[in-house]
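Heads up, the sequence shown is in my numbering, so the first residue is 11 and it goes up one at a time. Virtual Cβ for every residue (Gly too), placed ideally from N, Cα, C. Computed from a predicted model, the values in this text were never measured in an experiment.
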Amino acid sequence: MHNALHMPETVGKTYELGGPHIYSNKEVAEMVFNKINRIPEIKSFTFSQAQRWLSFVPHFRGLNRWLSLNELQETKIDLVVGKDALGIEDLYVRPVALPM
């Protein structure tokens with residue numbers, strides 16, 4: 011971010027920032043739980059099961075604090091950096107993967 015703010019050639023351009031590894035939500039949760047030394051309590055549901063449940067209960071509190079139908083639908087969005095997109099390396103930053 012610092013580089014983007016101080017490089018005149020970045021004005022008006024959009025950069026997709028991402029690292030060298032693609033993590034699932036489950037992997038990220040497991041890394042967080044490992045870092046705080048707690049046993050993860052991760053429950054898995056299929057998308058259709060969760061969608062059906064959230065259509066009756068619009069905001070479910072429990073499994074991951076708050077989960078809404080909108081947040082569930084957002085999980086279908088691909089958050090991978092595009093092949094031809096300007097990326098983090100265009101800002102002269104070398105991404106590193108998180109330790110597993």
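Contact annotation: Leu64 and Leu79 have beta-carbon atoms nearer than 8 Å. Secondary structure note for His16: its alpha helix (DSSP H) is the uninterrupted segment His12 to His16. Every beta strand (DSSP E) stretch that sits fully inside the region 31–89 and reaches 3 residues is listed by chain position as 69–72 and 75–78. Ranked by Cα distance from Tyr33, the first of Val91, Tyr102 and Glu99 is Val91.
Cα atoms of Glu26 and Leu101: separation of roughly 11 Å, rounded to the nearest angstrom.
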